[in-house]
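These notes are about the structure you will find just below.
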Amino acid sequence: MHTKTAQTVVIDAFGGSDKLRLEDRPVGDPGPGEIRIRHEACGLNFIDVYQRTGLYPLPLPTALGMEAAGIVEAVGDGVTHLKPGDRAAYASAPPGAYCSARVMPAAQVCPLPDAIGFEEGAAMMLKGLTVQYLFQRTVPLKRGDTVLFHAAAGGVGLIACQWARDEGITLIATAGSDEKCQLALDHGATHAINYRTEDFAARVRDLTDGRGVDAVMDSVGKDTFEGSLNSLRPLGMMITFGNASGKVPPVDVGMLAAKGSLQLTRPTLFTHTSDHATCQKMAANLFDKVTRGAVKIRIDQRFPLAEVAAAHDALETRKTTGATILMP
Ligand code: NDP
199 MHTKTAQTVV IDAFGGSDKL RLEDRPVGDP GPGEIRIRHE ACGLNFIDVY
249 QRTGLYPLPL PTALGMEAAG IVEAVGDGVT HLKPGDRAAY ASAPPGAYCS
299 ARVMPAAQVC PLPDAIGFEE GAAMMLKGLT VQYLFQRTVP LKRGDTVLFH
349 AAAGGVGLIA CQWARDEGIT LIATAGSDEK CQLALDHGAT HAINYRTEDF
399 AARVRDLTDG RGVDAVMDSV GKDTFEGSLN SLRPLGMMIT FGNASGKVPP
449 VDVGMLAAKG SLQLTRPTLF THTSDHATCQ KMAANLFDKV TRGAVKIRID
499 QRFPLAEVAA AHDALETRKT TGATILMP
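Per my numbering, the sequence shown starts with residue 199, numbered consecutively.
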């Protein structure tokens with residue numbers, strides 16, 4: 199089968215969700231190291247919002263979307279881990295996953311186990327591989343350690359709650375409503391704090407008998423950064439990995455000394471997955487958690503691809519929980 203044209207979401211300028219538009223794009227044959235894939239479902243992620251607004255600027259015009267699942271239609275020279283007809287899923291650059299089919303680099307595309315549906319595949323690659331690197335590759339965490347995880351009822355967050363439970367790690371969740379806090383608890387968080395109504399750093403001190411947590415995983419950014427540092431034990435690790443509330447202002451590194459020789463890192467998924475073999479290994483770890491049932495991928499919002507603007511609005515205005523997918 200050869201899909202010749204694909205409905206694709208593009209922007210010509212940075213801005214609000216009104217900048218998102220659909221166009222029909224030709225879909226050619228894969229070159230060396232590439233595949234052509236027909237999508238069954240596409241994932242929505244906060245990085246798509248940052249790219250749309252220009253917080254993470256891209257050359258314009260650009261297609262958007264970093265995550266999807268579907269069926270491989272054709273493979274180019276040198277691609278050995280996939281063949282036509284394979285089920286596959288990915289979190290990969292370049293942006294352009296919001297579409298019904300595309301040609302793209304193969305290295306970060308992973309064969310999808312039969313036990314995992316396309317919708318789950320589209321909802322879990324970017325978010326699940328992020329949780330994988332946060333817990334397994336960023337700071338040595340062991341059973342009994344305690345982490346603080348913000349926005350724990352979101353797409354990345356609900357996977358993190360379950361991952362922590364499976365690894366025997368105590369996860370203190372924060373979320374923006376009591377209902378979201380309950381959702382985090384239901385998915386494995388040990389404690390949950392509504393950070394719209396409570397001083398989360400003070401609560402973390404209470405919950406840890408004054409000690410502080412071993413690591414903070416903070417994707418909220420501007421609004422939580424300082425409170426996150428104040429929640430760490432001496433020598434603890436601050437992992438700032440997103441900016442849902444805005445970019446973290448420049449940091450005075452002396453503050454890390456004053457607050458107890460803290461460590462600070464600002465990782466991105468795509469550094470961790472840039473090596474093909476590493477990416478496939480990380481995916482195997484994630485697929486194992488999901489096929490064992492230790493991590494369930496919760497999809498709370500589904501939108502037709504043509505309603506991508508409404509999907510962005512819902513994510514940006516904190517109306518979503520769990521993962522959101524777009525159906526081409
Ligand atoms: P989520 O589903 O978690 O949605 C973002 C959540 O952030 C909201 O639901 C909201 O939860 C919380 N939030 C707090 N303040 C704000 C605000 N001012 N505006 C909007 N949301 C706010 O999104 P994703 O699962 O897609 O991503 C989670 C985060 O992880 C994002 O920041 C994303 O950029 C980051 N990320 C980073 C990666 C990396 O490698 N660096 C990779 C993947 C994701 P609540 O109402 O509970 O506060």
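Glycine included, C-beta positions come from ideal geometry on N, C-alpha and C.
DSSP places G355 in the helix class (H, G or I) of the three-state scheme.
Per DSSP, reduced to three states, the secondary structure at I245 is helical. The alpha helix (DSSP H) runs of length 4 or more contained entirely in the region 384–417 are, from start to end of the chain, 398–405.
Counting of Cβ neighbours within 10 angstroms places A475 among the exposed residues, the total staying below 16.
Exposure of Q461 is indicated by the presence of fewer than 16 other C-beta atoms within 10 angstroms of its C-beta. Under DSSP, T328 takes part in no beta bridge, so it has no partner. With contacts defined as CB atoms closer than 8 Å, D412 and L484 fail to qualify as a contacting pair. Proximity of the beta carbon of N243 to the ligand NDP is indicated: a heavy atom of the ligand is located closer than 7 Å. For G425, no beta strand (DSSP E) segment is defined; the enclosing uninterrupted segment is the alpha helix (DSSP H) at F423 to L427. The way I'd put it, the region 257–269 does touch the region 225–240; three or more beta-carbon pairs between them come closer than 8 Å. Annotation for E318 indicates a beta carbon at 7 Å or more from all heavy atoms of the ligand NDP. In the structure shown, H200 falls within a coil segment according to DSSP collapsed to helix, strand and coil.
Between G520 and R496, the CB-CB gap stays under 8 Å.
In the three-state scheme derived from DSSP, where H, G and I count as helix and E and B as strand, T476 is classed as helix. Within the same chain, Cβ atoms closer than 6 Å to the Cβ of A390 are found at A371, C379, A382 and L383, the five residues on either side in sequence being excluded. CA-to-CA, the gap between G458 and R431 works out to about 7 Å. For P224, DSSP records a beta bridge to T203. At a cut-off of 7 Å, the beta-carbon of S215 does not count as near the ligand NDP: no heavy atom of the ligand is closer than that.
In the three-state reduction of the DSSP assignment, M264 falls in the coil class, being assigned neither a helical nor a strand state. Take P303, set aside five residues on each side of it, and the residues of its chain with a beta-carbon closer than 7 Å to its own are G231, E232 and S290, in chain order.
Comparing alpha carbon positions, the residue from V506, G213 and Q499 closest to E317 is Q499.
Counting along the chain, the unbroken alpha helix (DSSP H) around V506 starts and ends at V506 to E514. For A351, the distance from the CB to the nearest heavy atom of the ligand NDP is below 7 Å.
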